[in-house]
Each structure stands twice: as structure tokens, then as C-alpha cells.
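Chemist: For any residue, its number in the numbering used here is found by taking its place in the sequence shown, counting from 1, and adding 129.
Here a beta-carbon is modelled for each residue, glycine too, at the ideal position from N, C-alpha and C.
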Amino acid sequence: VYNGSFINGRSILPVIGYQEAGELARDQDRKKYGLQPKERMRDRDDAEGLKSNYLAADADWIDFETTVGTEEDQIAIAPGYLQKEWKEGGRRYFHYKMDVPILNFFAYQSARYQVKKDKWRGPSGDVPIEVYYHPGHEYNVERMIAGTQASLEYFSKAFGPYQHKQFRIIEFPRYASFAQAFPNTIPYSESIGFIARIREGEDKDVDYPYYVTAHEAAHQWWAHQVMGGNVQGSTLLSETLAQYSAMMVMKHKYGEAKMQKYLAYEMDQYLAGRAFEQKKELPLARVENQPYIHYRKGSVVMYALQDYIGEDNVNRALKALIEEAAYKGPPYPNTTMFLKHIRAVTPPHLQYLIDDMFENIILFDNRTTKATVKELAGGKFEVTMKITAKKRKADKLGKEEDAPLADWIDVGVLDDKGVPIFLEKRKFEQEENEITVMVDRKPAKAGIDPLNKLIDRRPKDNAVKVEKL
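Below, the structure written as C-alpha cells:
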């Protein structure tokens, strides 16, 4: 186009074999043509489904080399390393080649770019970072570079080495609003980051250009190293794990308090998404490419998991998954393999969490009905909470029933800025509870799961204002 082409290779080039993705998917459309409803994906352990990855049924890991031509005043970009550049017949050509096998998943971009260059000092030497952007859209370029550096540093230490020798972010116009990870190459819409207004010091602002950059960088591990088969749960291995990885980078930069705003948004989006499910909601480990599950629920679940069993333990499990599954396939990895590694690092008394978070659809209806405070001598405060704890299990059609309660849940007291004065996990085994704790600062709110780590249908009643006795 005039200035800013983005072409996905699989959308324009021939593909080999029958493409199941081309079938009618919606039940309404199939009924119109006398077709039976279609299941979205095969079971996560289905041997046939594990023979191909969920991105491409016609290839596994490929050798990649390409030459692309464009307007004489534009830069054309594809995955790989630039081998040669030349002009001919009023056009400009670029020859790219990848040095390691990649998925059959690539794209081309071209525009009149300005380029900002930096680097990440990795354990094996400097990795060049380049951001290609429209002149005048430099607002968040430094944020993107900082997000790339922090991500490559964290992920390479937590999960294993970065597999490439460069990292590029390339802007495209807002005819679409997303970013997408190809091998060492990230097409990135102007509308999702380049022209975002992020106000430092504003509590309500989330630095989403930094976050989106971290998410796409994480895909260099989750998708471009570990790629799931064409079965249920595969988008957990890519999207959910990229969400988790990016959240850890954000947590280390902005702290726990800032993350609560992001997680509250994710919780709301999950609860809204399940209300509009047209087919069936499935547990996270069996997600069928449903964004409200693998993005939204996945974020809440993985953040809670690292809170319960420890960030280092989660990372240890994910590193073991990388070591077992990177560049494997066929057969491709699945969430059965992922859960094996998570269970291996989870203490016995918390094993129930794995079933609740990944194998079932669990919602809580926790609430605090009253919280009172009594001031004591020596600047101490006694806080008493009346708490109702209730756990529900839903089936794929949304029907709910009470589930047995024997759960470790946070009890907390917060100050007037929402920062915990007291936060401790207590085991709840009955619905009605009264809990008293001592704190050494004046409390503002108190209750059960006050930071909303668990999926709760009404999270705002978890903590209430503390009243004076």
C-alpha cells in the first residue's frame, strides 16, 4: 500500500493439502447448509491432532529464505537476516535468510520507516534491537526498547536462551489493531502502542506498549520454541504462557499494586466473555482457541499460581517444559506435558489448585459482610472480619453447583491506598467465618482475597470498609 503494507505469508501463498480451517465453523452457518455442528478442536491427547501444529497443517519446521521487492523509497522486512539489498528497475529489493528452522509462519512489511537502534547485552554477546516506525510516531519507541531489553533478560534467565541474533519491531497502520510475533520480527499496529498516551504517575494508566512488547517477545519462547499440536489446550502453551511471562516483567518493573489494576481488567473480560460463549466453555487446559479463556482467564490463573507456589517454581517448571518440548514435533507438545511439570513443583497441600485452575471451571463467591476495628495500646489495631466463603463448579454450559471447600485463601487488611498491612493465607473449610487479626497501622479495608487473585463473580465485595467499634 501507499505507506505501510503488512502481508501474512499464509494468507497469500499456496498451502498444501486439505485445509480444515476453511470449513464453516459457526453452528448457525452449518445448519443453514444441512451440516451437523462442528467440534472446534480434537482432544488434547488425540494422536492425529498431535501430528501437526495448530498454525499449519502442511509443514512442521522449515528452512526459510525469501526475496521481497517494494517501492524504491521503502524498506521491506521479513523474518531472517538481511543477506543483500539492491535497487533494480525503479524498485528496491531485500534478500533475507533464517539460520535456524522456523515454523511455516512468516509475514512481510514495507513502509517509509525511520529506524531507532539499540541492543540487549546477552550472555553470548550483544543482540541488536531495531524499531521501524513512522516519522512522528516516536512517542513510545523508548518504552518498546526498554520492554524488549527487560523481556530478553528475564526470559533468557527464567526459561532458556533467546534463539536469535536480532529483535525487530515494525509499525503498521491502524487498519488492524494488534501485534504479532514472527521469528525475531514483531509487526505492531500504530493503534496498540505507537500512538498510545501513557502518563507517568497516573494510577489509572497501564503501560501497555511496554506490556504488549513483553508479550510478543515472550512468543519467541512460547510458540516459536514450544508449539502445541492441533488439539485442545494448545493456545495455553502460546498465549497464556506469553501473558504470564509479560506479567512477570511488568511486576518487576511496576510492582504488585500496579498489577492489580491490570488483573481486575482481565477478570472482568473473562467473566463477560463466558457470558457470551456460543458453544461451550472449557477448562483452561482444554481451551479451544477462545481468547476470553487463554488470554483473560489465563492471566488471572497464572498470576495466582505464581503467588501460591512461587514465581521461581513456576519458572522452573516452564524451563523444564522448554527443555523437553522446544522445537519438537510431530508429535507436538500438549497441556498434559505442561501440567506434568507444574505438578512436579507444586507442594502436596496445593495440588488441588492444579485441578481447580486448569482442569475444572471454578468460581468463588467470597465476600466480607462486616469488618470492625478496635484501637489498642501501643499503636496496635485489632481487626475482626465476618467472612462468607463459597466455591462453585461450572460445567461447559454454565450450570453451577456447590463444590467442597478446603481452600487456602488470602485474608487481608489494606491501608487507605490499597496496600496490604496484613496478608496471610488461611484454610477455609466452612461457609461462615469470623477472623481476627492484629495490625500495627490504621486499617481502611479488610476481607477475604482482597487483591482478587481468585476468580470471583463479584470481586468488589471481597473487602469492605473497616468500621470503628
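1) CB Leu184 to CB Phe235, shorter than 8 Å?
2) From the DSSP secondary-structure annotation, give me the bridge partner or partners of Asn182.
3) Under 8 Å between C-beta atoms, does Glu417 make it to chain B?
4) When you compare each of Asn591, Phe510, Asp585 to Val540 by their alpha carbons, which one comes out closest?
5) What residues in its chain sit with their C-beta under 7 Å from that of Arg586, if we drop five residues either side in the sequence?
6) Between the region 341 to 356 and the region 367 to 374, are three or more C-beta pairs nearer than 8 Å?
7) Is the region 524 to 542 touching the region 570 to 580, taking contact as three or more C-beta pairs under 8 Å?
8) Could you give the distance in angstroms between the alpha-carbon of Leu607 and the alpha-carbon of Val568?
9) Assuming Glu177 and Arg171 form a contact by the criterion Cβ under 8 Å, report the distance between their Cβ atoms to the nearest whole angstrom.
10) At the level of alpha carbons, what is the spacing between Pro264 and Val229?
11) Which residue's Cα is closest to the Cα of Glu217: Val566, Tyr225, Ile231, Gly198?
12) Check for me: the alpha helix (DSSP H) holding Thr369 runs from which residue to which?
13) Taking only the alpha-carbon atoms, compute the straight-line gap between Gly254 and Gly133 and give it to the nearest angstrom.
14) According to DSSP, is Lys589 helix, strand or coil?
15) State the beta-bridge partners of Glu259 as determined by DSSP.
16) Could you round the C-beta distance between Gln292 and Tyr210 to whole angstroms and report it? I think they count as a contact, below 8 Å.
17) I need the straight-line Cα distance from Gln238 to Glu596, nearest angstrom please.
18) Kindly indicate the opening and closing residues of the beta strand (DSSP E) around Asn142.
19) Does the separation of the CB atoms of Arg415 and Arg173 fall below 8 Å?
20) If you compare alpha carbons, which of Pro533, Ala535, Lys503, Ala532 is closest to Ala573?
21) Measuring CA to CA, which of Glu385, Gln480, Lys509 is closest to Asn581?
22) Among Arg570, Glu529, Val566, which residue has its Cα nearest to the Cα of Asp545?
23) State the CB to CB distance for the pair Val335 and Gly322, rounded to an integer number of angstroms; the pair is presumed to be in contact (CB under 8 Å).
24) Would you list the one or two residues that DSSP bridges to Glu200?
25) Exposed or buried, what is Gly527 when buried is set at 16 or more other beta-carbons lying within 10 Å of its beta-carbon?
26) For Gly358 and Ser181, what's the separation of their Cα atoms in angstroms?
27) Using a Cβ-Cβ cutoff of less than 7 Å, which residues in the same chain neighbour Glu561 once the five nearest sequence positions on both sides are dropped?
28) When burial is assigned at 16 or more other CB atoms within 10 Å of the CB, is Asp485 buried or exposed?
29) Give the DSSP bridge partners of Gln238, in chain order.
30) Using only the alpha-carbon positions, how far apart do Glu282 and Lys333 sit?
31) Among Asn137, Leu598, Ile490, whose alpha-carbon lies nearest the alpha-carbon of Ala308?
32) How many Å lie between Thr195 and Asn269 at the Cα?
33) Tell me where the beta strand (DSSP E) around Arg521 begins and ends.
34) Round the Cβ separation of Ile483 and Arg472 to the nearest angstrom and send it over; I've been treating them as touching at under 8 Å.
35) Would you identify the three-state DSSP class for Ser318, choosing helix, strand or coil?
36) I'd like the list of long-range same chain contacts for Ala375, defined as Cβ closer than 6 Å, with 5 residues on each side in sequence excluded.
Modeler: This is what the structure holds:
1) Taking the sequence shown and counting its residues from 1, one reaches residue 184 at position 55. Taking the sequence shown and counting its residues from 1, one reaches residue 235 at position 106. The answer is no: Cβ separation not under 8 Å.
2) If you number the sequence shown from 1, residue 182 lands on position 53. Looking at the DSSP output, Asn182 sits in a beta bridge with Gly358.
3) The chain labelled as chain B is not found in the depicted structure, where only one protein chain is given.
4) The sequence position of residue 540 within the sequence shown is 411, counting from 1. Answer by Cα proximity: Asn591.
5) Start at 1 with the first residue of the sequence shown, and residue 586 comes out as number 457. Cβ contact annotation for Arg586 (same chain, cutoff 7 Å, sequence separation greater than five): Leu400, Leu492, Asp494, in chain order.
6) The region 341 to 356, when compared against the region 367 to 374, does touch it at the 8 Å Cβ threshold.
7) By the Cβ criterion, the region 524 to 542 is in contact with the region 570 to 580, since at least three pairs of Cβ atoms, one from each stretch, lie closer than 8 Å.
8) This structure does not reach residue 607, given that the chain is present from 130 up to 598, and the question cannot be answered.
9) Counted from its first residue, the sequence shown places residue 177 at position 48. Counted from its first residue, the sequence shown places residue 171 at position 42. With 8 Å as the limit, Glu177 and Arg171 qualify as a contact, their Cβ atoms being about 7 Å apart.
10) Within the sequence shown, numbered from 1, the residue matching residue 264 stands at position 135. Within the sequence shown, numbered from 1, the residue matching residue 229 stands at position 100. Take the alpha-carbon of Pro264 and the one of Val229: they are about 33 Å apart.
11) Translated into the one-based positions of the sequence shown, residue 217 becomes position 88. That would be Gly198, whose Cα lies nearest to the Cα of Glu217.
12) For the purposes of this step, residue 369 is taken as residue 240 along the sequence shown, with counting starting at 1. Segment: none, Thr369 is in no alpha helix (DSSP H) and carries neither H nor E.
13) The residue you call residue 254 lines up with position 125 of the sequence shown. The residue you call residue 133 lines up with position 4 of the sequence shown. Roughly 32 Å between the two C-alpha positions.
14) As a first step, residue 589 is located in the sequence shown; it is residue number 460 there, counting from the start. In this structure, DSSP gives Lys589 a helical state, which the three-state scheme calls helix.
15) Numbered from its first residue, the sequence shown carries residue 259 at position 130. Partner(s): Lys246, Arg297.
16) Position 163 of the sequence shown, counted from the first residue, corresponds to residue 292. Position 81 of the sequence shown, counted from the first residue, corresponds to residue 210. That pair is no contact at about 13 Å.
17) Within the sequence shown, the letter at position 109 stands for residue 238. Within the sequence shown, the letter at position 467 stands for residue 596. In a straight line, the C-alpha of Gln238 is about 59 Å away from that of Glu596.
18) Against the sequence shown, residue 142 aligns to sequence position 13. The question names Asn, but residue 142 is Leu in the sequence shown. It is not in any beta strand (DSSP E) - Leu142 carries neither H nor E in the DSSP assignment.
19) Position 286 of the sequence shown holds residue 415. Position 44 of the sequence shown holds residue 173. At a Cβ-Cβ threshold of 8 Å, Arg415 and Arg173 count as neighbours.
20) Translated into the one-based positions of the sequence shown, residue 573 becomes position 444. Ranking the options by Cα distance to Ala573, first place goes to Lys503.
21) Here residue 581 refers to the residue found at position 452 of the sequence shown. When C-alpha distances from Asn581 are compared across Glu385, Gln480, Lys509, the shortest belongs to Glu385.
22) In the sequence shown, the residue the question calls residue 545 occupies position 416. Of Arg570, Glu529, Val566, the residue nearest in Cα terms is Arg570.
23) The count along the sequence shown starts at 1 and reaches residue 335 at position 206. The count along the sequence shown starts at 1 and reaches residue 322 at position 193. Wrong, their Cβ atoms sit about 12 Å apart, outside the cutoff.
24) Numbered from its first residue, the sequence shown carries residue 200 at position 71. In the DSSP secondary-structure assignment, Glu200 is bridged to Arg220.
25) In the sequence shown, counting from the first residue as 1, residue 527 sits at position 398. Exposed is the label assigned to Gly527, since fewer than 16 other Cβ atoms lie within 10 Å of its Cβ.
26) The sequence position of residue 358 within the sequence shown is 229, counting from 1. The sequence position of residue 181 within the sequence shown is 52, counting from 1. Take the alpha-carbon of Gly358 and the one of Ser181: they are about 6 Å apart.
27) As a position in the sequence shown, residue 561 is number 432, starting the count at 1. Correct list, in chain order: Thr517.
28) The count along the sequence shown starts at 1 and reaches residue 485 at position 356. Under a 10 Å Cβ-count criterion, Asp485 is classified as buried, with 16 or more other Cβ atoms of the shown protein chains found around its own Cβ.
29) Counted from its first residue, the sequence shown places residue 238 at position 109. Residue pairing by DSSP puts Gln238 in a beta bridge opposite Phe135, Ile206.
30) Within the sequence shown, numbered from 1, the residue matching residue 282 stands at position 153. Within the sequence shown, numbered from 1, the residue matching residue 333 stands at position 204. Approximately 27 Å, taken between the alpha carbons.
31) What you label residue 308 is simply residue 179 of the sequence shown in a count that begins at 1. The residue with the shortest Cα to Cα distance from Ala308 is Asn137.
32) Here the question's residue 195 lines up with position 66 in the sequence shown. Here the question's residue 269 lines up with position 140 in the sequence shown. Across the structure, Thr195 and Asn269 are spaced so that their CA atoms are roughly 31 Å apart.
33) Residue numbering aside, residue 521 sits at position 392 when the sequence shown is read from its first letter. Residues 520 to 523.
34) Translated into the one-based positions of the sequence shown, residue 483 becomes position 354. Translated into the one-based positions of the sequence shown, residue 472 becomes position 343. The beta-carbon separation of Ile483 and Arg472, rounded to 6 Å, stays under the 8 Å limit for a contact.
35) Counting from 1 along the sequence shown, the entry for residue 318 is found at position 189. Residue state, collapsed to three classes: strand.
36) Working through the sequence shown from its first residue, we reach residue 375 at position 246. Tyr340, Ala343, His344, Ala347.
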